[in-house]
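The number in our numbering is simply the position in the sequence shown, starting from 1, with 5 added.
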Amino acid sequence: MATKKSSSRKSSGRKYGKKAQQEVRTEMHHMKSGKHPVKNRKQAIAIGLSKARQKGAKVPKKPGSSRKAA
């Protein structure tokens, strides 16, 4: 019978770290309470991830441009 190895390393498989999640959660709270002039939730998530990157949290890199120069 196979055993699960992923349960022993819970945090290493996460895409976003806890600090990044906290930043996004805070930004969503600010958006809902009207503290920031954010238009939609995608903007709030982007701002939260950007702040997390600046603080050095575990966040994936931004996707590169798919357009190629001619």
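All C-beta atoms, glycine included, are put in the ideal place defined by N, C-alpha and C.
Cβ-based burial, residue i [other Cβ within 10 Å; buried from 16]
{"i": "glycine 53", "result": "buried"}
Beta carbon of residue i nearer than 8 Å to that of residue j
{"i": "lysine 24", "j": "alanine 57", "result": "yes"}
{"i": "methionine 33", "j": "alanine 51", "result": "no"}
{"i": "methionine 36", "j": "valine 29", "result": "no"}
Of the residues the options, the one placed nearest residue i, counting alpha carbons only
{"i": "glutamine 26", "options": "Ser71, Val43, Lys60, Gly69", "result": "Lys60"}
{"i": "glycine 18", "options": "Pro68, Val64, Ser71", "result": "Val64"}
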